[in-house]
Amino acid sequence: MSTRLIGERVKRREDHRLLTGTASFIDDLHLPNMAHAAVLRSVHAKARIRRIDASKALALPGVLAVITHEDLGAANDPMPLLNNDRGFISPRTHRALAPGQVRFVGEAVALVVAESRYRAEDALELIEVDYDPSPAAVELLAATQPGAPLVHDDTNSNIACRTPHRRGDVEAAFAKADIVIAEELRPERGAAQPMETRGCVAQFDASADHLTVWDTTQAPVSARGLIAAKLGMPEAHVTVIAPDVGGGFGVKIMLLYPEELLIPFAARRLKRPVKWIEDRREHFLGSNHERLMIHKAELAATKDGVLLGLRDVYYYDSGAYCPYGPINAECAQGILPGPYKIPAIHTEYIAVYSNTPVVSPYRGAGMPHGNFVMETMMNRLADRLGIDRVEIRRRNLVRPEDCPYDGGTVFQYNTALIHRDCDYPALLTKLLGALGYGHFKASQASDRARGVYKGIGIGCYVEGTGIPPYEGMEVRIEPTGHVTVSTGYPSQGQGHQTTLAQVVAETLGVDPDKVVVQAGRTDRFAWGVGTFASRAAVVGCTAAQKATVKVRQRALNLAADKLEVAASDLEIVAGRVQLKGVPGVGITLAELAAASNPIITLEPGVEPGLRAIEYHRPEGATFASGMHGIILEVDIETGMVRIERYVVVHDCGVMINPAIVDGQALGATAQGIGGTFYEKLHFDEAGQLLTTTFMDYLIPTAMEIPRIELHHLEHPSSLNPLGAKGVGEGGVMPVAPAFAAAVEDALAPFGVKINAAPFSPPDVLALILGGTADREEQTVPHPPHPSTGSG
Amino acid sequence: MMSSETRTIRVTINGRAFGRTIETNLLLSDFIRHEVELTGTHVGCEHGVCGACTILFEGKPARSCLMLAVQADGARIETIESLADGERLHPLQTAFAENHGLQCGYCTPGILMTMKAYLAETPRPTEAQVREALSGNLCRCTGYQQIVEAVLQAAALMRGERP
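Here the protein sequences come in this chain order: A and B.
Residue numbers for the first sequence follow the working numbering, so the first one is 359 and each next one is one higher.
Residue numbers for the second sequence follow the working numbering, so the first one is 169 and each next one is one higher.
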């Protein structure tokens, strides 16, 4: 048909602006007469607010306004519940400004607007807030205990939600098992930390009653709907624009963060543009966190290591509110079985309120936690049975001939985990070959004999991607010969402009330079959901392809009419419709576009323009898969880990742009390494976050991230015409369990078990010195109410 | 706090002289971004760790978020906006585009300015040396590998080799 672009390493069209300093990030906006805002945040984890006195702040020259909850009125009603989990007991969502009660350190209490950011920050110190603090619920398991301080006084327990799930006869599976193992596993709390913090700029045009909001959001269409509703404005009078955004990874969707409402509110009230840019400390305190869960898992198997049943009851720290529902816990459950066949499964997640910042998805959204549990349990089972850790996986993998195979759990949007279009044994073979597994194992004993502690570990995952409900795309051919593609979901670095242009140009038969992509602006296309959950390739690009196919057919039909030939005899080459085999007979798309939109007459029944809008509505998630393998050495004197090899083998279906896929896989793996060794948020007993800078919350640098060897397998998805499965998050998933496995393997003579991540060199050293110590798990009594008996 | 004392400074940025009367507590990063409106220099942490705000101060890489603008009085500064020679991209910029060395691009200007100075001193670095030279700049998107490849390629281009 036309030039092949899908599957090519096309250079990104985004890059020139980003490389020359001419991109437009939120803080790069300078509007005439712009005022600047700063947020006053709670200094207590739990307190009543008796009184707020802003008089001294208002007296400071240059201060324009101090806005508290009383000023907001109905705009300060609770934010929506985005995911109404069937197990909810007491859903509670946040408000823009705390009305009389704060529930975490960092919660927004007031907004100052001033002539400069410096002046606004000075004014924060002059606002007097009379707090009445009380003890806070901080530690996850302690918060579930009777008598624990309540995060929400109108509840009788901090348990927000309790959701069981069953497949098969779990009791029978455990009763007939030759072996049952049980572990308590603890993936710790971390945060996304994109290099650009959040920000918002709003401008109100009083004459048109129109509000324009520039917002670092991953979901501008939803943000517009909520801002309009909260401010009592028609949606038509609110435009939300996601400009260049410096990384998202999940943290830039909250719907709404307080500032996304406060800044438009202030701009409308003051009739001046208002800018708010979060600083890094605020980002630690006032933007969402992710990750802490405590899993009590049990695995039942035959003596040959064939899995019979899995139980996992787990506690999920929701933070002070639960606007997302317990979505990370749900996703952890959805992919828990990984690539393995488990006939009987019982899970139950218990979401718990604590006086800490809100928890919402960060790259992987709980899937890394679930993977940490399953992969660690597989290793424990192998060790107990004396079976090689790879061999036990091989015995339980879903095989291509089993597919479609129901994995037994349910992912987001009520999507059953159905394995299809996959070949896990092939992934494993590829990984072991690349890693030299057999060779390593053969030399391990002699290394140990000379005091070199090397280990090997693998981690296998299945990643839920491309979730519903939908994305939409308008494709239109202009009389200029350009093809304009418009969609609602924005980019935070994923290169959507490039990949969308590849899909549309190849499908239509035009030069990609003729394709103009507009995304993330509600004034261009106001339907869509957002950029998260590895959706853009699967859902967005499929919508683009569908719309392009429709436009292409319209062009062919119109050309057939003009050229008096059958449409089926025509092809499109480089923007021109021509007779197959007789390229001299033809007409350009530009001419057809002009003819389709005549000034004088339009045929009855004919829609003007060469354009189409199509939506892709997947019925459920797609599933991608992969395996990571690591060879490392542990220094038993220091606990330091030296990574020798890191191999990634993955299958994300058809790759639209392999260079961008590489970048997603490498970047996700690096974030996984951060979560494995370095990144942990620490709170004190009063709920004060102790890690609020990059000096104490450590992001790995180029020195810590090793060279990663990437291998792609491409088994196309049968669920969409592109065959894409999505690639954004999977790379994070198996990193911590694979490292834990490799460190345990290296330290096998010491009997080390790693049950929590991250694990730093001091943690590893403590394990070497203390054997099988489970560090933090034993400090708090367990809650009385896991709902299952133990196996 | 609340110093509103002002001072007049003259700074040469990218070969052009700027005279401004500013408050003495104004950060150099904010001066460059919001007074001179050269917004290619980014601010990631405002405590000197992430390196996004790196500029060349008298030819040497410096964190513009850790300096006050008044400290730059009389100084010569280069920012990302000066890296390309008109329409002609610097080899670092070319190599970053060819190797997918950036995703969101927020950290990129700081990395490019750091590497410009580094490659001037170290024209033939090893991969390990490049990784060490990059270790003062955080990137959250790429995992660094494609950045390392881009820097090695840029070094080769600057040596007149085509890798």
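Glycine included, every Cβ here is placed at the ideal spot set by N, Cα and C.
Sequence-distant residues of its chain with Cβ nearer than 6 Å to residue i (five each side left out)
| i | result |
| --- | --- |
| Ser474/A | His394 |
| Val350/A | Absent from the model: residue 350/A. The displayed extent of chain A is 359 to 1149, so no value can be given. |
| Gln314/B | Asn267, His268 and Gly269 |
| Arg524/A | His704 |
| Ala322/B | Pro259, Leu260 and Ala263 |
Short Cβ contact (7 Å threshold) for residue i with residue j
| i | j | result |
| --- | --- | --- |
| Ile652/A | Arg547/A | no |
| Gly724/A | Asn772/A | no |
| Tyr828/A | Arg975/A | yes |
| Ala1082/A | Val896/A | yes |
| Val1090/A | Arg751/A | no |
| Tyr795/A | Gly984/A | no |
| Leu990/A | Gly813/A | yes |
| Ala495/A | Pro507/A | yes |
| Gly683/A | Phe769/A | no |
| Ala531/A | Ala702/A | yes |
Where residue i meets chain B, residues with beta-carbon distance less than 8 Å
| i | result |
| --- | --- |
| Thr1051/A | Cys213, His215 and Val217 |
| Gln850/A | Cys272 |
Nonlocal neighbours in the same chain, by C-beta distance under 8 Å from residue i, ignoring five residues either side
| i | result |
| --- | --- |
| Val756/A | Pro697, Tyr698, Lys699, Tyr763, Gly765, His777, Cys780 and Tyr782 |
| Leu387/A | Val559, Trp572, Pro601 and Lys633 |
| Glu1135/A | The predicted position of Glu1135/A is uncertain, since its pLDDT is 41 and thus under 50; a value taken from the coordinates is nonetheless stated next. For Glu1135/A, where only same-chain residues beyond five positions count, the Cβ hits under 8 Å are Glu542, Arg544, Ile652, Asn1113 and Ala1114. |
Cross-chain neighbours of residue i in chain E, by beta carbon under 9 Å
| i | result |
| --- | --- |
| Thr247/B | Protein chains A and B are contained in the structure displayed, whereas chain E is not. |
Any chain B beta carbon closer than 7 Å to residue i
| i | result |
| --- | --- |
| Gln802/A | no |
| Asp373/A | yes |
| Pro552/A | yes |
| Lys369/A | yes |
| Thr959/A | no |
| Met1061/A | yes |
| Ile1057/A | yes |
| Gly604/A | yes |
| Asp386/A | yes |
| Ala895/A | no |
| Gly791/A | no |
| Thr889/A | no |
| Gly1025/A | yes |
| Asp637/A | yes |
| Gly608/A | no |
| Gly1021/A | yes |
| Ala1096/A | no |
| Ala1017/A | yes |
| Ala1028/A | yes |
Contacts around residue i, its chain only, beta-carbon distance under 7 Å, and the 5 residues preceding and following it disregarded
| i | result |
| --- | --- |
| Ala408/A | Residue 408/A is actually Arg in this sequence, not Ala. Counting only Cβ-Cβ distances below 7 Å, and skipping sequence neighbours, we find Asp488 and Asp490. |
| Leu376/A | none |
| Gly1032/A | Ile1057 and Pro1058 |
| Gly851/A | Gly605 |
| Val873/A | Val841, Val843, Ala859, Val862 and Ala863 |
Beta carbon proximity, residue i to chain A, threshold 7 Å
| i | result |
| --- | --- |
| Gly208/B | yes |
| Ala237/B | no |
| Pro229/B | no |
| Ala220/B | yes |
| Leu287/B | no |
| Ser197/B | no |
| Leu302/B | yes |
| Asn182/B | no |
Chain-ordered chain A contacts of residue i [CB-CB under 7 Å]
| i | result |
| --- | --- |
| Arg244/B | Those within 7 Å of Arg244/B in chain A number zero; the least Cβ separation is about 18 Å. |
| Ala252/B | Thr378 |
| Glu205/B | His388 |
Chain-ordered chain A contacts of residue i [CB-CB under 8 Å]
| i | result |
| --- | --- |
| Phe264/B | Asp373 and Leu377 |
Residue i: contacting residues in chain A (beta-carbon distance under 9 Å)
| i | result |
| --- | --- |
| Ser232/B | Those within 9 Å of Ser232/B in chain A number zero; the least Cβ separation is about 13 Å. |
| Glu191/B | Ser474 and Tyr476 |
Residues that residue i contacts on chain B, provided the C-beta gap is smaller than 7 Å
| i | result |
| --- | --- |
| Arg1065/A | Gln313 |
At a CB distance below 9 Å, what residues from the segment 393 to 414 of chain A approach chain B? Give them in sequence order. none
Listed from N- to C-terminal order along the chain, which residues in the segment 289 to 300 of chain B have their beta-carbon within a distance smaller than 8 Å of any beta-carbon of chain A? Glu295, Val298, Arg299 and Glu300
Taking a cut of 9 Å between CB atoms, which residues from the segment 306 to 327 of chain B lie near chain A? Leu306, Cys307, Arg308, Cys309, Thr310, Gly311, Tyr312, Gln313, Gln314, Ile315 and Val316
Between the segment 268 to 279 of chain B and chain A, which residues of the former have a C-beta closer than 8 Å to a C-beta of the latter? His268, Leu270, Gln271, Cys272, Gly273, Tyr274, Cys275, Thr276 and Pro277
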